[in-house]
Amino acid sequence: MPLDPTPVPDELRGLRIALLISGGIAAYKVVDLASALVQAGSEVRVAMTSSATRFVGPPTFEGVTGSRVQTGLWSGGTSPEPHVFLGDWAQLILVAPATANVVGRIAAGRSDDIVTATLLAARCPVVIAPAMNDAMWAKEAVQENVTTLRRRGVTIVEPESGHLASGHVGTGRLASSQTIFNAMAHAVRSRYDFAGRRVVVTAGGTREPIDPVRFISNYSSGKMGFALAAAAADRGAKVTLVSAAAHVAHHGVEIQHVDTAEEMLAELRSQLRGADLLLMAAAVGDFRPSRAAKRKIRREETPSLNLELEPIPDLVASLAGDEALAGVFRVGFAAEDSDLDAKGVEKMKRKGLQAIIANDISRRDIGFGSEYNAGVLLFSDGTRHDLEKSTKREMSDRILDLVLPKLKR
Ligand code: CTP
Numbered sequence: 542m543p544l545d546p547t548p549v550p551d552e553l554r555g556l557r558i559a560l561l562i563s564g565g566i567a568a569y570k571v572v573d574l575a576s577a578l579v580q581a582g583s584e585v586r587v588a589m590t591s592s593a594t595r596f597v598g599p600p601t602f603e604g605v606t607g608s609r610v611q612t613g614l615w616s617g618g619t620s621p622e623p624h625v626f627l628g629d630w631a632q633l634i635l636v637a638p639a640t641a642n643v644v645g646r647i648a649a650g651r652s653d654d655i656v657t658a659t660l661l662a663a664r665c666p667v668v669i670a671p672a673m674n675d676a677m678w679a680k681e682a683v684q685e686n687v688t689t690l691r692r693r694g695v696t697i698v699e700p701e702s703g704h705l706a707s708g709h710v711g712t713g714r715l716a717s718s719q720t721i722f723n724a725m726a727h728a729v730r731s732r733y734d735f736a737g738r739r740v741v742v743t744a745g746g747t748r749e750p751i752d753p754v755r756f757i758s759n760y761s762s763g764k765m766g767f768a769l770a771a772a773a774a775d776r777g778a779k780v781t782l783v784s785a786a787a788h789v790a791h792h793g794v795e796i797q798h799v800d801t802a803e804e805m806l807a808e809l810r811s812q813l814r815g816a817d818l819l820l821m822a823a824a825v826g827d828f829r830p831s832r833a834a835k836r837k838i839r840r841e842e843t844p845s846l847n848l849e850l851e852p853i854p855d856l857v858a859s860l861a862g863d864e865a866l867a868g869v870f871r872v873g874f875a876a877e878d879s880d881l882d883a884k885g886v887e888k889m890k891r892k893g894l895q896a897i898i899a900n901d902i903s904r905r906d907i908g909f910g911s912e913y914n915a916g917v918l919l920f921s922d923g924t925r926h927d928l929e930k931s932t933k934r935e936m937s938d939r940i941l942d943l944v945l946p947k948l949k950r
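In this text, residue positions in the sequence shown follow this note's numbering: the first is 542, and each later residue adds one.
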């Protein structure tokens, strides 16, 4: 009869979790843990030290998770950088069981196998569940390493007392799956404040065709939208990026490519159903050719060319009029060269937005194409917050900090 899986806390559902396994007999218990996470809808990938593979074979974890297990620094599926891939990919890392040896190597900052290298490359919360002989656990050297790791922000799930593999009773047994899951959920709660939120971001300058090879666009690089999408995804949101710019999207960001304003509007209408937040960073065109030529316009056939342009409807304003999307908190951007506050407030009202970020396009050190941005965030309730010059990624996190309390639960 199959055992019921340990209940998985909601915070862990849908997350990308890396399980790092070192060489202890408790490795077999982690198979059930991986299985429970997968059944709860988390995406689980496993890396093992070579000692760990002596206790449980990688095919067992591959069967349970459906993904290739990484056992070395040089093998990583399709990744060109196997030593950092998992650290970069994961939203949460669990090291279980963590032997005295691996605890020591992590504390020392080593990167001589896939487990330690993954941890050095990690950007996400790390939970370590040690399991070892009771005398080893009690040793000053091990306890000092554990203290060092705790000081660095790692969550340690202390081993429990009970019957040990060595035959006697003592403290060193891997904590129960429930205790480990609770510690993981706690680590997630404090980091992933956008978990359970659906965020739609737009990026880039829309392109309106003149003919099959030419278009009208603008200088928007798309960097601000990509930074917002990455920040929201790193904080646990489910993110869709509707983009007219072609960059590589961050892990966990689903990207929908569009060219024209009309395509962007259609994509937004379908993506925004049930979403919590729209961050409209795209520079949507204001005019487009009334007719696009079906064939390439040839120079010798066209001594001079007059383009007739028609206005493009305001996308955010038309979304504001859609009752089905009334629950979405809509944040626009305003590119201004003067009077940021006054013009921002006017645009926010005109476009039916709940907030707007006005940035100064007259400054050469920020904005279009730059890694930096600055401006002011204005809410429709009258509050305002200066956004000091910072990288677009830092500014994105600041925007998310300020917007989160305004979202409906
Ligand atoms: N926007 C939009 N649809 C458009 C034009 C702009 O949804 N056709 C959105 C942008 O994505 C941005 C906000 O409106 O979030 C403000 O864009 P901006 O270019 O500053 O404003 P415009 O309406 O174009 O006003 P103006 O050209 O007069 O400054």
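Just so it is clear, CB atoms sit at the ideal spot from N, CA and C, and this is done for glycine as well.
The residue from P852, L848, C665 with its alpha-carbon nearest to that of D752 is L848.
Distances between the C-beta of D752 and the heavy atoms of the ligand CTP are all 8 Å or more. Cβ neighbours of V825 within its own chain (closer than 6 Å, five residues either side excluded): T747, A802, L856. Judged by beta-carbon spacing, D629 lies within the 9 Å limit of H792, meaning their Cβ atoms are closer than that value. CA-CA distance, S717 to V579, rounds to 18 Å.
When the beta-carbon positions are compared, V571 and V610 stay at least 9 Å from each other. A Cβ-Cβ separation of about 4 Å places G766 in contact with A822 under the 8 Å criterion. For I655, the closest alpha carbon among the candidates P671, S608, A588 is that of A588. G628 carries a helical assignment under DSSP once its states are collapsed to helix, strand and coil. In the DSSP assignment, R732 falls within the alpha helix (DSSP H) that extends over 718-732.
Around A641, the same chain offers M673, M677, V683 as residues with beta carbons nearer than 6 Å, after the five sequence neighbours per side are excluded. For A658, the CB contacts under 8 Å within the same chain, skipping 5 residues up- and downstream, are L614, H624, V625, G628, S652 in chain order. The region 770-777 makes contact with the region 926-937; the number of CB pairs closer than 8 Å reaches 3 or more. L806 and G873 have their C-alpha atoms some 14 Å from each other. In the displayed model, Q895 falls within coil according to three-state DSSP, outside both helix and strand. At a Cβ-Cβ threshold of 9 Å, T606 and T594 do not count as neighbours.
Between V644 and P671, the C-beta gap is smaller than 9 Å, which places the two residues in contact. Ranked by how close their Cα comes to the Cα of I558, the residues F909, A663, L635 have L635 in first place. In the three-state reduction of the DSSP assignment, V783 falls in the strand class. For the 9 Å CB-CB criterion, L941 and V869 do not form a contact. If you ignore the 5 residues before and after A876, its C-beta comes within less than 6 Å of the C-beta of I902, all in its own chain and listed in chain order.
Taking 9 Å as the cut-off, the Cβ atoms of V783 and E749 do not count as close. A Cβ-Cβ separation of about 6 Å places P638 in contact with S563 under the 8 Å criterion. Cα atoms of G604 and L574: separation of roughly 13 Å, rounded to the nearest angstrom. If you look at E851, you'll find it in the beta strand (DSSP E) that goes 850-852. If you check the CB distance, L633 and V668 come in under 9 Å. Residue pairing of D901 in beta bridges, as defined by DSSP: E877. With a beta-carbon spacing of about 5 Å, G916 and A899 fall inside the 8 Å limit used to define contacts. The beta carbon of R776 sits closer than 7 Å to the beta carbons of Y733, D734, F735, L941 from its chain, once the five residues preceding and following it are set aside; these are given in chain order.
Put simply, of S758, R810, R730, F722 the residue whose alpha carbon is nearest the alpha carbon of V741 is R810. Residues G582, S583 of the same chain have their beta carbon placed closer than 7 Å to that of G555, with the five preceding and five following residues left out of the count. Residues of the same chain with a CB within less than 7 Å of the CB of D675, apart from the 5 flanking positions on each side, are L705, G711, T712, G713 in chain order. In this structure, the beta-carbon distance from L919 to V944 does not fall below 9 Å. Relative to the ligand CTP, M765 has its C-beta separated by 8 Å or more from all heavy atoms. Counting along the chain, the unbroken alpha helix (DSSP H) around M677 starts and ends at 675-679. A distance criterion of 8 Å places the beta-carbon of I907 beyond contact range of the ligand CTP, judged by its closest non-hydrogen atom.
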